[in-house]
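Those protein sequences? They're chains A and B, same order as listed.
Using my numbering, read the first sequence as starting at 1 and increasing by one per residue.
Using my numbering, read the second sequence as starting at 1001 and increasing by one per residue.
These notes concern the structure reproduced below.
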Amino acid sequence: MNDSELLRLLRSDPELGLSKTVDIYSAYVLKIAHTKLNGLCSEEDIEELVSDVFMAFYMSGKKNDFNIRSVTAYISVIAERRCINMFRSKLRQPDTVPIDELEYELAEQVSNTNGDTLSQAVASLGEPDTEIFLRKYYFGQKSEDIARELDMKTNTVNKRISRGLKKLRKILEEDA
Amino acid sequence: MDNKFELYDIADRLSDTDCEKLETAFENFRDGAEIGDEQKQRILSMTLRKAGIDMTTGIKMKRTPDIEQADTIHEGMSTVRRGRTLAACIAAVLVAAAAGAAVFFTKLPTSDIEPPAENLTAAHQTAETVETAEVPNVVLMDADEAKAALEAAGFVPIRREQFDETAAGLVIDTYPQHGENLEKGSEVVYYVSRGSFDMADPTTKELYEYAMDLYSQTLDFHGETLADFNKENGTDIALPRPFENMEKDQLKYLCGEYKEFLGMTYDEYYDYLRGLCVMTVDSFYTDEEIFTTVTAETPEELPDTE
């Protein structure tokens, strides 16, 4: 079942659609939660969070008759924000080491950039840098895990992140 | 606030609309995501509970006719299933032809592939004079629980099994579906998942059963019973039995790598099916079963599948 079919089902039969959404996306949401919260939360907490994500998707979707263009994107946003909230509630910083000072510099630019411009800028990094950037900073995946999943060396991933940050900073500066 | 932390909070800056531009990267991240059946069920239970949907009377993962019967075939497992449905029918003919001799076919028991439509009709007709009950929703219940629930509601549960992506042992559908009012004592078929079909290393029995599933699903889509189809087309289609007599390769062919059919609509599939029913049927009867000897036209006379 593709997203169009799923959304059609959610509109015609929201409860069944919710079940199907869980069926299709639970592995994905679980991966997001594990990436962000592994070692920080119990498996029970993570499962609870995953179900919260679907509940939020369901309630939010019903309000606008599931007028959603990308279920993946929609669920990703909900999941990531839920994870961030959980993360903050645990009062722990991400277990990451800054690539270099670029992270600090770019963070300020990002905080002053609207989402549309930011997403366009990230997309314009090009693959695989867009994906690496998102894995690193959106999902909080560790470099070694990114490397493993993308079949790269960790060092290569870190270099690409570093170059991506520079490129992103330049793009955002130009846009500004 | 630490700037570094803000960069990791980039999700706060991006709405779902913004993220649509990055969908490909999200999909890539999704690759390799796994979840066990039990964990998925736990999450489903929690989600439905939060949504105020009762697991026993509310909705669960079940077959979705409006989706599965969509006229356009899409990529994915269901597509493969649909494609193989016709392939099974086609291959049944081809296998018979290739054998170069009459193949002993037997008509499957009607109850194996036909919904108990007569029972339903009778129940509706007499609803005012007989005691009726509503078919409970047993989808996604464990098979034993489903059986008990149907019995408790006053029905006679009939178990059928099908390959499905739903976890093995869980009910994937019923016929009639939940919510229908039926006369107590009516048969209600509950379909139990045998789990996903593994084309990589199936047993002969699995191949046969899978073909049987596919076969019935094509007719189900068109709302026809096997008897209807045969009557209309003057044919007698059945899968070859016993499967032990068939080579594994033949059965694989029966279940089929008919990729050329993927992308066809159901109507197109159905037309092909009708076109393939050019069999000469010579039936004879025994006390217990109808046996049918089937000879087929040569493969060259079959519709071009390219």
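Every residue, glycine too, gets a C-beta built ideally from N, C-alpha and C.
Can you check which of these residues, the options, is closest to residue i by C-alpha distance?
i, options, result
"residue 1007/B", "159/A, 111/A, 69/A, 29/A", "111/A"
"residue 146/A", "1021/B, 1177/B, 1032/B", "1032/B"
"residue 1173/B", "1184/B, 1039/B, 1192/B", "1192/B"
"residue 72/A", "54/A, 39/A, 88/A", "54/A"
"residue 170/A", "132/A, 109/A, 148/A", "109/A"
"residue 1134/B", "1181/B, 1023/B, 1189/B", "1181/B"
"residue 1047/B", "31/A, 64/A, 14/A, 142/A", "14/A"
"residue 28/A", "61/A, 174/A, 74/A", "74/A"
"residue 1044/B", "1167/B, 1131/B, 1132/B", "1167/B"
"residue 56/A", "22/A, 151/A, 139/A, 41/A", "22/A"
"residue 151/A", "139/A, 132/A, 140/A, 163/A", "132/A"
"residue 1140/B", "26/A, 52/A, 20/A, 32/A", "20/A"
"residue 1051/B", "33/A, 140/A, 59/A, 24/A", "59/A"
"residue 1010/B", "154/A, 106/A, 148/A", "106/A"
"residue 1029/B", "161/A, 159/A, 134/A, 67/A", "134/A"
"residue 1160/B", "1038/B, 1017/B, 1194/B", "1194/B"
"residue 1177/B", "1136/B, 1016/B, 1018/B", "1136/B"
"residue 1189/B", "1037/B, 1175/B, 1196/B", "1175/B"
"residue 1146/B", "1179/B, 1171/B, 1165/B", "1171/B"
"residue 1132/B", "1206/B, 1179/B, 1158/B", "1179/B"
Going along chain B, which residues have a C-beta under 9 Å from residue i?
i, result
"residue 31/A", "1029, 1030, 1032, 1033, 1034, 1035"
What do you reckon, are the CB atoms on residue i and residue j nearer than 7 Å?
i, j, result
"residue 165/A", "residue 118/A", "no"
"residue 76/A", "residue 1163/B", "no"
"residue 1149/B", "residue 1138/B", "yes"
"residue 143/A", "residue 122/A", "no"
"residue 83/A", "residue 36/A", "yes"
"residue 1042/B", "residue 115/A", "no"
"residue 1185/B", "residue 1143/B", "no"
"residue 1156/B", "residue 1183/B", "no"
"residue 52/A", "residue 11/A", "no"
"residue 1040/B", "residue 26/A", "yes"
"residue 4/A", "residue 1020/B", "no"
"residue 129/A", "residue 160/A", "yes"
"residue 49/A", "residue 86/A", "yes"
"residue 167/A", "residue 125/A", "yes"
"residue 24/A", "residue 33/A", "no"
"residue 1151/B", "residue 1196/B", "no"
For residue i and chain B, any beta-carbon pair shorter than 7 Å?
i, result
"residue 69/A", "yes"
"residue 55/A", "yes"
"residue 121/A", "no"
"residue 154/A", "no"
"residue 159/A", "no"
"residue 191/A", "The first residue shown for chain A is 1 and the last is 176, placing residue 191/A beyond what the model contains."
"residue 97/A", "Note that residue 97/A scores a pLDDT of 48, beneath 50, so its modelled location is shaky and nothing firm can be said."
"residue 10/A", "no"
"residue 174/A", "no"
"residue 82/A", "no"
"residue 102/A", "no"
"residue 3/A", "no"
"residue 134/A", "yes"
"residue 94/A", "Residue placement at residue 94/A is poorly supported in this model, since its pLDDT is 48, which falls under 50; the coordinates still yield a value, given next. Output row for residue 94/A: interface = yes."
Hey, does residue i have any beta-carbon neighbour from chain A nearer than 7 Å?
i, result
"residue 1019/B", "yes"
"residue 1146/B", "no"
"residue 1192/B", "no"
"residue 1182/B", "no"
"residue 1170/B", "no"
"residue 1023/B", "yes"
"residue 1077/B", "Confidence at residue 1077/B is low in this model, with a pLDDT of 28, below 50, so its placement is unreliable and the value that follows should be read with caution. Chain A contact via Cβ: absent."
In chain B, which residues lie less than 7 Å from residue i when you measure between Cβ atoms?
i, result
"residue 110/A", "1006, 1007, 1010, 1013"
"residue 115/A", "1013, 1014, 1015, 1018"
"residue 76/A", "1019, 1026"
Kindly list, in the order they appear in chain B, the residues whose Cβ is closer than 8 Å to that of residue i.
i, result
"residue 169/A", "Simply none; closest approach about 11 Å."
Would you verify that the beta carbon of residue i is, or is not, closer than 7 Å to some beta carbon of chain E?
i, result
"residue 1042/B", "Looking for chain E here will not work: the only protein chains present are A and B."
Whose Cβ in chain A lies nearer than 7 Å to the Cβ of residue i?
i, result
"residue 1050/B", "51, 55"
"residue 1047/B", "18, 22, 51, 54, 55"
"residue 1177/B", "In chain order: nothing, as chain A lies at least about 11 Å away."
Strictly below 8 Å CB to CB, what residues from chain A border residue i?
i, result
"residue 950/B", "Here chain B comprises residues numbered 1001 to 1306, so residue 950/B is not present and cannot be evaluated."
Where the segment 138-152 of chain A meets chain B: residues whose CB sits under 7 Å from a CB there
Flagged, chain order: 138, 139, 140, 149.
Residues in the segment 19-49 of chain A with C-beta within 7 Å of chain B's C-beta atoms, listed in sequence order?
19, 20, 22, 23, 26, 27, 28, 30, 31, 47, 48
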